[in-house]
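Residue numbers (numbering that gives the first Met the number 0): 0 to 259.
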Amino acid sequence: MLQGKTALITGSTSGIGLASAHVLAEQGINLVLHGLMSDKEGASLAREFSDKYQIKTLFDNANLMDSDAISVFMTKAIKTMGSIDILINNAGIQHTEAVDTFPENKWNAIIAINLTAAFHTTQHSLAGMKENSWGRIINIASVHGLVASKNKAAYCAAKHGIVGFTKVVALECAEHGITANAICPGWVDTPLINDQITDIAKKENSSFEQAKYQLITAKQPLPEMMDPRKIGEFILFLCSDSARSITGSSLPMDGAWTAQ
Ligand code: NAD
Numbered sequence: 000m001l002q003g004k005t006a007l008i009t010g011s012t013s014g015i016g017l018a019s020a021h022v023l024a025e026q027g028i029n030l031v032l033h034g035l036m037s038d039k040e041g042a043s044l045a046r047e048f049s050d051k052y053q054i055k056t057l058f059d060n061a062n063l064m065d066s067d068a069i070s071v072f073m074t075k076a077i078k079t080m081g082s083i084d085i086l087i088n089n090a091g092i093q094h095t096e097a098v099d100t101f102p103e104n105k106w107n108a109i110i111a112i113n114l115t116a117a118f119h120t121t122q123h124s125l126a127g128m129k130e131n132s133w134g135r136i137i138n139i140a141s142v143h144g145l146v147a148s149k150n151k152a153a154y155c156a157a158k159h160g161i162v163g164f165t166k167v168v169a170l171e172c173a174e175h176g177i178t179a180n181a182i183c184p185g186w187v188d189t190p191l192i193n194d195q196i197t198d199i200a201k202k203e204n205s206s207f208e209q210a211k212y213q214l215i216t217a218k219q220p221l222p223e224m225m226d227p228r229k230i231g232e233f234i235l236f237l238c239s240d241s242a243r244s245i246t247g248s249s250l251p252m253d254g255a256w257t258a259q
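The structure is reproduced here in structure tokens:
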């Protein structure tokens, strides 16, 4: 059913986005790959996917802090691929610091990349989805879209924001066969969290692995990091017809973090 559809995944050069791209490509879904790498590296990544999975691919490295660049990127993606059937707003960054000293430039970057970019990509994608009476919008939020942690003011604001945004899109699009959901992961094994682990290791004079375990178990009852592929598999389910009535939901994959 999904073969031949096109998915656009922001931030698919690393971590959750890259792992999810492989899961979708295995089903014959064409891909718009995106993230911060050079044109040369991106072209090589796109070629790797099209050769391995026999799918159509496109790569772009638009900086999501720049709304004009997003507009150029989305226009090119839609023109090249026909329409975006599955939009996965995944790209994100993190900075941890107390509110008192949280740098304004970090605040602005986190809000722009983790929240505002999803508004722009969604706006660009909706016309094609409505025309086809089918679409899937999946926003990679976080447990921090549902609960807070110290030192994550901008990240929590952005992730709570995207949970709210997802609900509005779901309401406005329900009658068009378009679903919008937010996935709210706990700890996922990707480069995004390396700085947080390194900070703990320095503070506690412990190894990277010890610090990683400490970080996980401070809040998450399941004492392990999730394999990013599992998020891709959940995305695939949300794209299936079985999930047609799941919309407007914020879906935790968090090892019981938010059950407490
Ligand atoms: P990652 O660092 O591995 O990947 C981030 C991706 O975003 C990369 O492809 C990068 O190039 C892209 N990106 C960053 N800044 C960008 C910019 N200015 N313009 C364009 N692209 C940019 O991170 P990840 O862990 O895979 O995170 C993916 C999403 O999952 C994020 O939204 C993150 O908040 C969320 N998340 C991660 C975890 C976790 O534990 N790793 C937990 C919950 C939610």
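C-beta atoms are modelled at their ideal positions from N, C-alpha and C, and glycine is treated no differently.
As the structure is a computational prediction, the values presented were derived from the model and not from experiment.
Three-state secondary structure assigned by DSSP to residue i
i	result
Pro251	strand
Gly34	coil
Asp59	strand
Pro184	strand
Ile245	coil
Gly160	helix
Glu203	helix
Glu40	helix
Ala97	coil
Residue i Cβ short of 7 Å to ligand 1 heavy atom set
i	result
Val187	yes
Gly254	no
Leu23	no
Leu250	no
Ile83	no
Leu170	no
Ala90	yes
Met64	yes
Whole-angstrom distance between residue j and residue i, CA atom to CA atom
i	j	result
Val146	Ala6	29 Å
His94	Met36	20 Å
Asn113	Leu63	9 Å
Gln53	Asp188	28 Å
Gly16	Thr100	31 Å
Ser244	Ser205	47 Å
Ala117	Glu223	29 Å
Thr120	Ile77	11 Å
Gly27	Gly3	6 Å
Contact check, residue i vs residue j, beta carbons under 8 Å
i	j	result
Lys151	His143	yes
Ala129	Gly247	As written in the sequence, residue 129 is Lys, which differs from the Ala given in the question. Not a contact, by the Cβ cut-off of 8 Å.
Gly176	Gly254	no
Lys218	Trp256	yes
Ile136	Leu57	no
Val162	Ala179	no
C-beta neighbour in chain D for residue i, strict 8 Å
i	result
Leu32	This model lacks chain D altogether, as it is built from one protein chain only.
Alpha helix (DSSP H) segments (min. 4 residues) lying fully within the segment 116 to 150:
Runs of the alpha helix (DSSP H) spanning 4 or more residues and lying entirely within the segment 116 to 150 occur at 116 to 131, in chain order.
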